[in-house]
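Asker: Okay, handing you the structure first.
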Amino acid sequence: MKNRMARIFKPDTGRTVMLAVDHGYFLGPTRKLEEPRKTIEPLLPYCDALFVTRGVLRSSVDADTATPVVLRVSGGTSVIGKDLANEGVTTSIEEAVRLNVAGMGLSIFVGSDYEHESLLNLAGLVNEGEDYGIPVLAVTAVGKELEKRDARYLSLCCRIAAELGARMVKTYYCEDFASVVKGCPVPVVIAGGPKLNTELDALELTYDAIQQGARGVDMGRNIWQSDFPVAMIRAIRAIVHENKTVKEAYELFNSIKGD
Ligand code: 5RP
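Read in order, the letters of the sequence shown correspond to residues 3 to 261 in the working numbering.
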């Protein structure tokens, strides 16, 4: 377990830049992730872990890739279906072991009609993961209800996830994010959410989250929907692993973008 956690959270900083490319599991061919291999390959040298489903892993990531994988193992819904919260576990523990993953990730939907099911999905996955030393990442999902993302709600979700045994939690940045981190006894990473207006906005979000105790990012759209995804992930890395300021990271972004 410790070894797998250290593959995700780099021991020298205790932080991670995880690249989220799992969106297709309910969104289909999302913009700029239409051909996953083309999106993923240029970014691989700059991410500490890849958050991905088994289908994209199998089809679009070479088996000799050394980047650790956190396998998205929940799903069963689509963006046009009745309720995004009605997820089940889609991938067996044997498959996760066979794929040699560093972790497994699953969404919980606290406060939804499927709260109970998604929390028991998490608990069951933790039971299996603990047997094999595979840490579980809980994703505090909100479906289409993005307005739910405040500190009170996210603190509740993160704490419940940790209490049920998640070894790490992915949530959203929000005002008073420090209180979310304080109430969660396991590492918290942030998702970026839908693409923000500018790259500077995403760098500010990352910086603020790190300042308030986030242990890194599990970010997707704000990296690969940028016109300069490599420059963007490198600027994010500079904030996460080198404690760069927003200004320094943005200068780095502009210098790489101009290459
Ligand atoms: C979808 C996910 C995504 O991995 C997560 O939202 C991170 O991606 P983004 O930064 O694009 O929000 O868990 O349910």
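Here a beta-carbon is modelled for each residue, glycine too, at the ideal position from N, C-alpha and C.
Rounding to the nearest angstrom, what Cα-Cα distance links residue 62 and residue 120 in this structure?
Answerer: 28 Å
Asker: Which partner residues of residue 109 appear in the DSSP bridge assignment?
Answerer: Looking at the DSSP assignment, residue 109 forms a beta bridge with 141.
Asker: Could you check whether residue 73 and residue 45 sit closer than 8 Å to each other, using their CB atoms as the reference points?
Answerer: no
Asker: Rounded to whole angstroms, what's the CA-CA distance from residue 6 to residue 53? Just pull it up for me.
Answerer: 14 Å
Asker: Taking Cβ positions, are residue 48 and residue 85 nearer each other than 8 Å?
Answerer: no
Asker: Run through the DSSP bridge pairs and tell me what residue 204 is partnered with.
Answerer: BP columns for residue 204 are empty, so no partner.
Asker: Shortest alpha-carbon distance to residue 166 belongs to which of 153, 142, 174?
Answerer: 142
Asker: For the ligand GTP, any of its heavy atoms closer than 7 Å to the Cβ of residue 222?
Answerer: Questions concerning the ligand GTP fall outside what the structure shown contains, since the ligands it does hold are the ligand 5RP.
Asker: For residue 151, which residues in the same chain have their Cβ closer than 7 Å to its Cβ, ignoring the five residues on either side in sequence?
Answerer: 144, 174, 176
Asker: So residue 183 and residue 213 are supposed to be a Cβ contact under 8 Å. How far apart are they, rounded?
Answerer: At roughly 11 Å, the Cβ-Cβ gap does not stay under 8 Å, so residue 183 and residue 213 are not in contact.
Asker: I'd like to know if the segment 155-166 and the segment 192-202 are in contact, where contact means that at least 3 CB-CB pairs between them fall below 8 Å.
Answerer: no
Asker: Using the three-state DSSP reduction, which class does residue 179 fall into: helix, strand or coil?
Answerer: helix
Asker: Give the DSSP-derived three-state secondary structure of residue 146 in the structure shown.
Answerer: coil
Asker: Can you check whether the CB of residue 76 is closer than 8 Å to the CB of residue 89?
Answerer: Contact: yes.
Asker: Can residue 72 be considered in contact with the ligand 5RP, in the sense that its beta carbon sits closer than 7 Å to one or more heavy atoms?
Answerer: Not under cutoff, so the answer is no.
Asker: Could you tell me how far apart the beta carbons of residue 23 and residue 38 are, in whole angstroms, since I believe they sit closer than 8 Å?
Answerer: 6 Å
Asker: Beta carbon of residue 183: closer than 7 Å to some heavy atom of the ligand 5RP?
Answerer: Checking the Cβ of residue 183 against the ligand 5RP gives no.
Asker: Where does residue 74 fall in DSSP's three states?
Answerer: Strand, per DSSP.
Asker: How would you write the range of the alpha helix (DSSP H) that residue 219 sits in, first residue to last?
Answerer: That residue, residue 219, is in no alpha helix (DSSP H); its beta strand (DSSP E) goes 218-221.
Asker: What do you reckon, are the CB atoms on residue 162 and residue 91 nearer than 8 Å?
Answerer: no
Asker: Which word fits residue 201, buried or exposed, when buried means at least 16 other C-beta atoms lie within 10 angstroms of its C-beta?
Answerer: With 16 or more other Cβ atoms within 10 Å, it is buried.
Asker: Is it true that the CB of residue 26 sits closer than 8 Å to the CB of residue 58?
Answerer: yes
Asker: Check whether the Cβ atoms of residue 222 and residue 191 lie closer than 8 Å to each other.
Answerer: no
Asker: With a threshold of 7 Å, establish whether the CB of residue 53 neighbours any heavy atom of the ligand 5RP.
Answerer: yes
Asker: Could you check which residue in 171, 180, 181 has the C-alpha nearest to that of residue 189?
Answerer: 171
Asker: Just to confirm, is the Cβ distance from residue 237 to residue 252 under 8 Å?
Answerer: yes
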